[in-house]
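For the record, in the sequence shown the residue sitting at position 64 is 266 according to the numbering used here, with numbers rising by one throughout. Heads up, the beta-carbon is just placed ideally off N, CA and C, and yes, glycines get one too.
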Amino acid sequence: METADIFLSLLFGCIGFAYFMYGRRRKNIVTRYCGIAMILYPYLASSAWEMLAVGVGLMVVPRFVEL
């Protein structure tokens with residue numbers, strides 16, 4: 203595992219935890235599930251670019267999707 207992978211995993215894991223807590227507090231299901239996905243997806247990503255693209259995509263989803 204490279205340094206960039208570890209750094210991005212930590213970064214998106216922390217952001218995902220914040221999204222999860224915010225979604226739980228506001229009872230927003232989209233933000234909550236995006237937070238869970240951001241915590242878990244670094245285990246499945248194979249490269250830093252893939253991790254960055256998926257992370258940014260998951261960060262943007264709650265902005266445009268409301269349930």
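Of 258, 219, 222 and 248, the smallest CA-CA separation from residue 207 is found for 248. C-alpha of residue 243 to C-alpha of residue 269: approximately 22 angstroms in a straight line. By the 16-neighbour rule on beta-carbons within 10 angstroms, residue 266 is exposed. Of the residues assessed, residue 223 falls on the exposed side of the cut-off, its CB having fewer than 16 other CB atoms within 10 angstroms. Counting only runs of 4 or more residues that sit fully inside the stretch 205 to 262, the alpha helix (DSSP H) segments are 205 to 228 and 231 to 242, in chain order.
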